[in-house]
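For reference, each letter of the sequence shown is one residue, going -24 to -1, 1 to 468 in mature numbering (1 follows the signal peptide of the UniProt record, and there is no 0).
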Amino acid sequence: MRLKISQLFFFFFCIVLLLHPSLAQTTNEHEQEDVKRSQFPDGFLFGTSTSSYQIEGAYLEDGKGLNNWDVFTHIPGNIKNNDNGDIADNHYHQFLEDIELMQSLGVNAYRFSISWSRILPRGRFGEVNTRGISFYNNLIDNLLLKGIEPFVTIHHHDIPQELEDRYGSWLSPLMQEDFLYFAEICFKSFGHKIKYWTTLNEPNLFADMAYMRGCQSRVVPSVSLQIQLYEPYRDNEDDQKAVSRALAFQLAWVFDPIVYGDYPPEMRHYLGSVLPRFSQEEISILKGSIDFIAINHYSTLYAKDCIHSACIPGWDRPIRGFVYTTEERDGVLIGDRTANPRFFVVPRGMEKIINYVKERYNNMPMIVTENGFAPPPQQKQQDQQDLLQDAERINFHKSYLAALARAIRNGADVRGYFVWSMIDNFEWIDGYSVRYGLYYVDRQTLKRMPKLSAKWYKNILTVDATSNSNSSNIFKRKNTMSTVSQASKAEI
Ligand code: FCB
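As structure tokens, then:
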């Protein structure tokens, strides 16, 4: 009889567990749907993503000038283990090998950024470095030879130190001239070979992290994301509104002006006259000036209202929409941890954020320019073998891609997906301690080795690759030049 009661208790306990909303969600989230390349539209871009400072190294070679990150990382104590990008992945010298790796993965696109100080060692106050131009021409030509579409970010956090020293870079309106000058050189030098350009990586974040919070280096990206999803902390109206505000202040802040010609109504409502007005001329240039919406998406957090409810001081900041964000509710995490304390594994967030953008911007074409996973620090020291067996990364990409495929099935116009990152690299203030790569990089020898996830990605991309693998130009060309100059004005 005693046994029966305990069995009954156990049975009841299991039912409660299964019915508990947070656990039920976790169970669904971890159900692994199969992902196939054929679930994505023809010409869909499947790529990997990197940025110049994080992989290139060769920090003073062939005429490159110093940039903000060269200087910042050389100040002891700024970066974990005092790491820096002087050598990084030595991609500057090993780019041909890296292109081979990409080809073997079966990707049809590669997103990288151009090192500003390699092209313009002293910004617009010095000469153009022709050896820098040759490096990117070589990179681009070799990618094209292998059938890999180059997808270029003009500015991904690294800025010639000259511009920092002269006027604090983005703190000065003069910086618009610098960016325009740099962008025009990029267009002139590489434009005839490049179909896809993005201007600034995560301006919403670096405005906050670098300028509002006053970090030492002017531009210190968090390793945070461009577009996070939020869910209400409590199921009440205030927290529902907090979610809308958080998304408007983070995402629509940047995209509303360049799609609709003005800051979002939510920002106007809460900030009133503090928010600048665009002139008629600016509106006409801004409105409709982009071809697609680029999304870096990693995580989801809970959002809690800070206007009508008490909040931890510091969270009620306008730049975050007066919203407190947290990963935990009633002692339960929103998703599994990763290396970044603000990134949690919540695959449903991918589908929801895509749907949000689809609704808000009338299903304008979207590209997921970054999505990736780095494992949280482990108790026990991990060796190379542990790091190569990255089943967690596979699960992450599988479930996020499945969520993306669902959004596409429901009509979202998504045209590409880039894994962050192709190889382990310099992860900003975390140095080399955090590894996002599909390829492991040995810090001593710089040898690249495929992790299990690289094999998995290759499998997805090559096993049922049929007609839909060839990337054609998926957008009509617009006047990119004016888009770039005005977008930089609006976003900063
Ligand atoms: C993004 C950055 C990228 C990398 C990933 C992990 O926010 O754009 O450089 O640091 O996070």
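Virtual Cβ for every residue (Gly too), placed ideally from N, Cα, C.
Would you call the segment 308 to 322 and the segment 348 to 361 in contact, with 3 or more CB pairs under 8 Å? When C-beta atoms of the segment 308 to 322 are compared with those of the segment 348 to 361, three or more pairs fall below 8 Å, so the two segments count as touching.
Identify, in the order they occur along the chain, each residue of the same chain with its Cβ nearer than 6 Å to the Cβ of I259, setting aside the five sequence neighbours on each side. Sequence-distant Cβ neighbours of I259 in its own chain, meaning closer than 6 Å and more than five residues away, are G237.
So for G102, helix, strand or coil by DSSP? Reduced to three states, the DSSP call for G102 is coil.
Work out the CA separation of T24 and D400 for me, nearest whole Å. Spanning the two alpha carbons is a distance of roughly 12 Å.
List in chain order: all unbroken beta strand (DSSP E) runs of 3+ residues lying wholly within the segment 116 to 191. Runs found: 125 to 131 and 172 to 176.
Residue nearest to V308 in terms of C-alpha spacing, selected from Y209, K122 and S27: The residue from Y209, K122 and S27 with its alpha-carbon nearest to that of V308 is Y209.
What residue from T49, P136 and P126 has the CA that sits closest to S91's CA? Of the candidates T49, P136 and P126, the one whose C-alpha sits nearest the C-alpha of S91 is P136.
What are the boundary residues of the beta strand (DSSP E) that E346 is part of? Segment M342 to N347, the beta strand (DSSP E) holding E346.
In angstroms, rounded to a whole number, what distance separates the CA positions of residue 499 and T345? In this structure the chain extends from -24 to 468, so residue 499 is not present and cannot be described.
For Q361, does the count of other Cβ atoms within 10 angstroms reach 16, so buried, or fall short, so exposed? Exposed, because fewer than 16 other Cβ atoms sit within 10 Å of the Cβ of Q361.
For T253, which three-state DSSP category applies? Here residue 253 turns out to be Arg, not Thr, going by the sequence shown. Shown here, R253 sits in coil according to DSSP, grouped into three states, outside any helix or strand.
Is W45 near the ligand FCB, judged by its Cβ being under 6 Å from some heavy atom? Judged by the Cβ position, W45 fails to qualify as a neighbour of the ligand FCB at the 6 Å threshold, every heavy atom of the ligand being at least this far.
State yes or no: is the C-beta of W396 nearer than 6 Å to some heavy atom of the ligand FCB? It does: the Cβ of W396 is within 6 Å (strictly closer) of some heavy atom of the ligand FCB.
Check S285 in the structure and name its three-state DSSP category. Three-state DSSP puts S285 in coil, outside helix and strand.
Quick one: complete beta strand (DSSP E) runs, 3+ long, within the segment 2 to 82? Segments of the beta strand (DSSP E) lying fully in the segment 2 to 82: 21 to 25.
Say yes only if the C-beta of N177 is nearer than 6 Å to one or more non-hydrogen atoms of the ligand FCB, and no if none qualify. The answer is yes for N177.
Using only alpha-carbon positions, find the residue among Y408, G392, H373 and Y416 that is nearest to W432. Closest in alpha carbon position to W432, among Y408, G392, H373 and Y416, is H373.
When you compare only the Cα positions, how much space is there between I295 and Q226? CA-CA distance, I295 to Q226, rounds to 8 Å.
Who are the near neighbours of Y337 in its chain, counting only those whose CB is closer than 7 Å to its CB and skipping five residues on each side? Closer than 7 Å at Cβ, skipping near neighbours: F231, V235 and I269.
The ligand FCB heavy atom lying under 6 Å from the CB of S27: Yes; taking the cut-off as 6 Å, the Cβ of S27 has a heavy atom of the ligand FCB nearer than that.
If you check the beta carbons only, do L119 and I75 fall under 7 Å apart? Taking 7 Å as the cut-off, the beta carbon of L119 is found closer than this to the beta carbon of I75.
On the criterion of 16 or more Cβ atoms from any shown chain inside 10 Å, does K217 qualify as buried, or is it exposed? Label assigned to K217: buried.
Can you look up Y416 in the DSSP assignment and give me helix, strand or coil? Here Y416 sits in strand by DSSP.
Which term fits N113, buried or exposed, when burial requires 16 or more other beta carbons within 10 angstroms of its beta carbon? With fewer than 16 other CB atoms across the displayed protein chains lying within 10 angstroms of its CB, N113 is exposed.
Are the beta-carbon atoms belonging to Y408 and D62 less than 7 Å from one another? Not a contact, by the Cβ cut-off of 7 Å.
If you draw a straight line from the alpha carbon of R189 to that of D10, how long is it in whole angstroms? With a pLDDT of only 49 at R189, under the threshold of 50, the placement of this residue in the model should not be trusted; the figure read from the coordinates follows. Just so you know, the alpha carbons of R189 and D10 end up roughly 42 Å apart.
Cβ atoms of L277 and Y206: under 7 Å apart, would you say? Yes, the Cβ-Cβ distance between Y206 and L277 is below 7 Å.
Please state the DSSP three-state secondary structure of A(-1). Bear in mind that a pLDDT of 37 at A(-1), under 50, signals an unreliable position, so the number given afterwards is only what the model happens to contain. Reduced to three states, the DSSP call for A(-1) is helix.
Is it the case that the segment 88 to 103 contacts the segment 130 to 146, given that we only count it when at least three CB pairs across the two stretches are under 8 Å? They touch, by the three-pair rule.
Pick helix, strand or coil for T314, following the three-state DSSP scheme. Three-state result, T314: coil.
Suppose you measure from the CA of Q1 to the CA of G311; what does that come to, to the nearest Å? Low confidence applies here, because Q1 scores a pLDDT of 43, under 50, leaving its location unreliable and the question unanswered by this model.
Assign S227 to one of three DSSP states: helix, strand, or coil. Here residue 227 is Leu; the residue named in the question, Ser, does not match the sequence. Of the three classes helix, strand and coil, the one that applies to L227 here is helix, per DSSP.
Can you name the start and end residues of the alpha helix (DSSP H) that Y433 belongs to? Per DSSP, Y433 belongs to the alpha helix (DSSP H) from L428 to V439.
In the DSSP assignment, find the alpha helix (DSSP H) that holds I269 and state where it starts and stops. Careful: I269 lies outside any alpha helix (DSSP H), inside the beta strand (DSSP E) at I269 to N272.
Anticipated Cβ contact below 8 Å, K427 with Y412, distance rounded: No, K427 and Y412 are not in contact; Cβ-Cβ is about 11 Å, not under 8 Å.
Using three-state DSSP, classify F111 as helix, strand or coil. Helix, per DSSP.
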